[in-house]
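Sequences listed follow chains A and B, in order. When we follow my numbering, the leftmost residue of the first sequence carries the number -5, and every step to the right adds one. When we follow my numbering, the leftmost residue of the second sequence carries the number -5, and every step to the right adds one.
There are 2 protein chains.
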Amino acid sequence: MSLPHAILTALLEKPSSGLELTRRFDKSIAYFWPSTHQQIYRELGKLEAEGFIRALPSAQPARGQKKSYEVLPAGREELARWTAAPQDPKPLRDAMLLRMRAAAVVGTAGLAADMRRHLELHEGQLAVYQEIEKRDFPPGRDTPQDRLRHMVLRAGIDLETFWAQWLAEALKNIPDFEPDGPES
Amino acid sequence: MSLPHAILTALLEKPSSGLELTRRFDKSIAYFWPSTHQQIYRELGKLEAEGFIRALPSAQPARGQKKSYEVLPAGREELARWTAAPQDPKPLRDAMLLRMRAAAVVGTAGLAADMRRHLELHEGQLAVYQEIEKRDFPPGRDTPQDRLRHMVLRAGIDLETFWAQWLAEALKNIPDFEPDGPES
DNA sequence: CACCTTTTTGCAACTAGTTGCATAAGGGTG
DNA sequence: CACCCTTATGCAACTAGTTGCAAAAAGGTG
């Protein structure tokens, strides 16, 4: 139940059409809440039906024609409500950990190679985030809004750093063994 | 596409009925791959139909009657294949980060309280994991299987530590401000 | 202007996970 | 043995996200 609120946030930052929204998403919000244009169009329709946003009157609603949306007061209130409401953190669900656990039973053949690949992917993502940090958060400017957005980015940076370190450490310790299976 | 493989792993560790499986899941695998008994029964049916597991002949298949499963060779091979096959890490998707980003637009009222609650939840989960570590991985025993399972647990411990620290740090820096809304 | 490509919007079907409930058997209690 | 509670299995409907594709308009090219 979070995508609609992600869209409200983005539209409050700047009214946009579906496609503009998709592109802006890809450059920021999608880093911690990925979504596709199909999903976004669907949600825009629902949000409009619920009276949270409305199409800017400028363009008429036809296929292949840009249609921009802006947030209505009810939408802003809903976003504020949702932001402040308690929500339980969703539990961890990570396939790599599952594979390591499986490897304890069926052997580690092949797994280490993919761990090395993941390590590189995380380091790559880390570099992307650090580039964004350098560009968007130079030392100096420090509005409350900047600080909040910077904290979110820091979480991304620190998480990628975490996984890179964990994978590097795990790779050092990974034993290469065959399963004690029925074939022995 | 990972639950069936989680089940195969658990069944290889020990053949079980649906309910036993559910309980054993809750004590270990569910920490990084949560699931419900409904899901597990459904997957057991599919795995049996695919020839990866079979019901132990001891008990007849009737409702309200225990039915235990064991893994067939084809199931072990499928698990080994899946474990070794490359798989992309799934991107981050975290509602708390989204809420912080939203708070930059609609204000931080109420959010800090829930961040404090999350901080406590993460600390609680950390304590649970540390208890498990003390119980299941005393210094000394060090088979390859133990080391892999211990690494998985360490990831859980380190992740909870990470979030607790991040939340504590964010709380120190969170500005308390009202939105620059249409009411001003 | 006829044709093709790109942009923008969107539908439909599928997948994985969640929630709510049902039904059958076993086991104890009056 | 009639009743009820617990254990074990499972179906059905719903939710959120993914994948594949298509159709309308805009804009360029011969």
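Positions of the beta carbon are idealized from the N, C-alpha and C atoms, including for glycine. Note that the coordinates shown come from a computational prediction; the quantities given were computed from them, not determined experimentally.
- Against chain B, a Cβ distance below 7 angstroms from A/ALA0 picks out LEU92.
- Interface annotation, B/SER11: not in contact with chain A, CB-CB separation never under 8 angstroms.
- Within the same chain, HIS144 come within 6 angstroms of B/PHE131 by CB-CB distance, once the 5 residues on both sides are set aside.
- Note that the C-beta distance between B/PRO9 and B/GLU71 is not below 8 angstroms.
- Here A/MET94 is not near B/VAL100, since their CB atoms are 8 angstroms or more apart.
- Annotation for A/ALA49: the continuous beta strand (DSSP E) segment containing it runs 47 to 49.
- Residues of the segment 22 to 41 of chain B with a C-beta less than 9 angstroms from any C-beta of chain A: SER22, ILE23, ALA24, TYR25, PHE26, TRP27, PRO28, listed in chain order.
- Contact of A/ASP152 with chain B by beta-carbon distance below 9 angstroms involves PHE156, GLN159, TRP160.
- By the neighbour-count criterion, in which a residue is buried when 16 or more other Cβ atoms sit within 10 angstroms of its Cβ, A/LYS84 is exposed.
- Of all residues in the segment 93 to 116 of chain B, the ones placed with a Cβ closer than 9 angstroms to any Cβ belonging to chain A are ARG93, MET94, ARG95, ALA96, ALA97, ALA98, VAL99, VAL100, GLY101, THR102, ALA103, GLY104, LEU105, ALA107, ASP108, ARG111, HIS112, LEU115, HIS116, in chain order.
- If the five residues before and after B/THR16 are omitted, its C-beta is found closer than 7 angstroms to the C-beta atoms of HIS31, ILE34, all from its own chain and listed in chain order.
- At a cut-off of 8 angstroms between C-beta atoms, B/THR77 counts as an interface residue with respect to chain A.
- Annotated as proximal: B/PHE26 and A/ARG87, with beta-carbon spacing under 8 angstroms.
- Annotated three-state conformation of A/GLU44 is coil, per DSSP.
- A/GLU44 is outside the set of residues whose beta carbon lies under 8 angstroms from a beta carbon in chain B.
- When rounded, the separation of the alpha-carbon atoms in B/LEU92 and B/ARG135 is 43 angstroms.
- Around the beta carbon of A/THR137, fewer than 16 other beta carbons sit within 10 angstroms, so the residue counts as exposed.
- With a cutoff of 8 angstroms on beta-carbon distance, B/LEU105 and B/ALA98 are scored as not near each other.
- One Cα belongs to A/PRO67, the other to A/ARG75, and the distance between them is close to 12 angstroms.
- For A/HIS(-1), the closest of A/LEU13, A/ILE47, A/SER11 by C-alpha to C-alpha distance is A/ILE47.
- Under a criterion of Cβ atoms nearer than 9 angstroms, no residue of chain A is adjacent to B/ALA68; the nearest Cβ is some 12 angstroms distant.
- DSSP places A/TYR63 inside the beta strand (DSSP E), whose first and last residues are 62 to 65.
- If you ignore the 5 residues before and after B/HIS116, its C-beta comes within less than 6 angstroms of the C-beta of GLU154, TRP157, ALA158, all in its own chain and listed in chain order.
- In chain order, LEU41, PHE46, ILE47, VAL65, GLY69, ARG70, GLU72, LEU73 place their CB closer than 8 angstroms to the CB of B/LEU2, counting only its own chain and leaving out the 5 sequence neighbours on each side.
- Residue-level contact by beta carbon holds for A/ALA164 and chain B, with a gap shorter than 8 angstroms.
- Chain-order list of chain A residues neighbouring B/GLU7: VAL99, by C-beta distance under 8 angstroms.
- Under DSSP, A/SER10 takes part in a beta bridge, and its partners are A/TYR63.
- Not one beta carbon of chain A lies nearer than 8 angstroms to the beta carbon of B/LEU15.
- Membership of B/GLN81 in any alpha helix (DSSP H) is not indicated, and neither H nor E is assigned to it by DSSP.
- Per DSSP, the continuous alpha helix (DSSP H) segment holding A/TYR123 begins and ends at 105 to 130.
- Less than 8 angstroms divides the Cβ of B/SER(-4) from the Cβ of A/ALA89.
- The C-beta of A/SER(-4) comes closer than 8 angstroms to at least one C-beta of chain B.
- In this structure B/TRP160 does not touch A/ASP140 by the C-beta definition: roughly 18 angstroms separates them, more than the 8 angstroms allowed.
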